[in-house]
DNA sequence: TTTAATGATACTAATATAGTATTATTAAAA
DNA sequence: TTTTAATAATACTATATTAGTATCATTAAA
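Chains as they are written, first to last, in the working numbering: chain A, 11 to 145; chain B, 11 to 145.
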């Protein structure tokens, strides 16, 4: 069972790299690909999605590339996870099923919800900057 | 992102059903299928796996079926999840990648590990009996 | 020996994940 | 204004995982 998908992984690596190269504002996909050794076209799509999601700004044309729209200190691991993997919802899975049919009152739902929220709170403390500092 | 797979879901439902029918010791797959409306052959394999994993005992031949080997109060949601989905390991995914190359010292690893353990502890409190009581 | 159950194993279908290819668009610079 | 170096959009392919089915063997009670 994997908590973090490859998209999230690549996205995080790219963002950490970008946060490290602070002098240049705009960074091209090629630069990231060369340093981080990630599959180019795949990463392109990932960065495009980050741009669409409002994390990055894309700059078309010559001298173009990507830059941060949200500052890296404000980008949380959970933000990236949500973009590529959807919301982390511990309850959702059990609720969709009929294990607990009493959706409104079920104490299990409540319990799982609390667990999920606790996890989320902790994960939200992890940002791109805090990750890049660890390296 | 789904925390609980269909195998786990079906297994839990079957086990909850079995725990409810306490008078009969041995229960057939057909009984469960009829009451819980689960795909028969699929559920069969799931119960077989539960038997192999030591949760249930299987009884072959006429008047056969499945019975609990581990009492339902001692069967935790996490046990079932582990059987069908493998260990819940928050760290594994990030560690396999190169996000954090310093496997031994990385504080993120530590942090994620702690988060994972906390979650695990809470999940371990949920058993088949506690689930069947909620219904 | 028949019957009613599970066991083992191989197969198929659907979905999700990972990655590639192609063509269009944009904007700087020659 | 044309070239060039970048991203945008979209469609495609390959692989892995998940979900489910089918077949035949084994077992034990009646």
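We put the CB at the ideal spot given by N, CA and C, even for glycine.
Please read these numbers as outputs of a predicted model, since none were measured by experiment.
C-alpha gap between residue i and residue j, whole angstroms
i	j	result
residue 131/B	residue 86/B	11 Å
residue 28/A	residue 55/A	16 Å
residue 31/B	residue 121/A	26 Å
residue 63/A	residue 46/A	22 Å
residue 143/B	residue 96/A	31 Å
residue 84/B	residue 139/B	8 Å
residue 76/B	residue 23/A	49 Å
residue 60/B	residue 15/A	28 Å
residue 82/A	residue 135/B	37 Å
residue 137/B	residue 19/B	13 Å
residue 11/A	residue 123/B	15 Å
residue 44/B	residue 44/A	58 Å
residue 50/A	residue 71/A	18 Å
Close Cβ partners of residue i (< 8 Å) along its chain, the five nearest in sequence each way excluded
i	result
residue 98/B	88, 91, 92, 126, 129, 130, 133
residue 74/B	36, 38, 68
residue 58/A	68
residue 48/A	20, 23, 24, 42
Buried or exposed (CB count within 10 angstroms, at least 16 for buried), residue i
i	result
residue 52/B	exposed
residue 17/B	buried
residue 13/A	buried
residue 40/A	exposed
Residues near residue i in its chain [Cβ-Cβ closer than 6 Å; skip 5 each side]
i	result
residue 141/B	26
residue 42/A	24, 27
Residues near residue i in its chain [Cβ-Cβ closer than 7 Å; skip 5 each side]
i	result
residue 21/A	56, 60, 90, 94
residue 79/A	64, 65, 66, 67
Checklist entry - Along the stretch 37-67 of chain B, what residues have a CB closer than 7 Å to any CB found in chain A? => result none
Item to check | Contact set between the stretch 80-98 of chain B and chain A, restricted to residues whose Cβ is under 7 Å from the partner | outcome: 95, 96, 98
Item to check | Residues, ordered as in the chain, of the stretch 19-35 of chain B that lie near chain A by beta-carbon distance below 9 Å | outcome: 19, 20, 22, 23, 26
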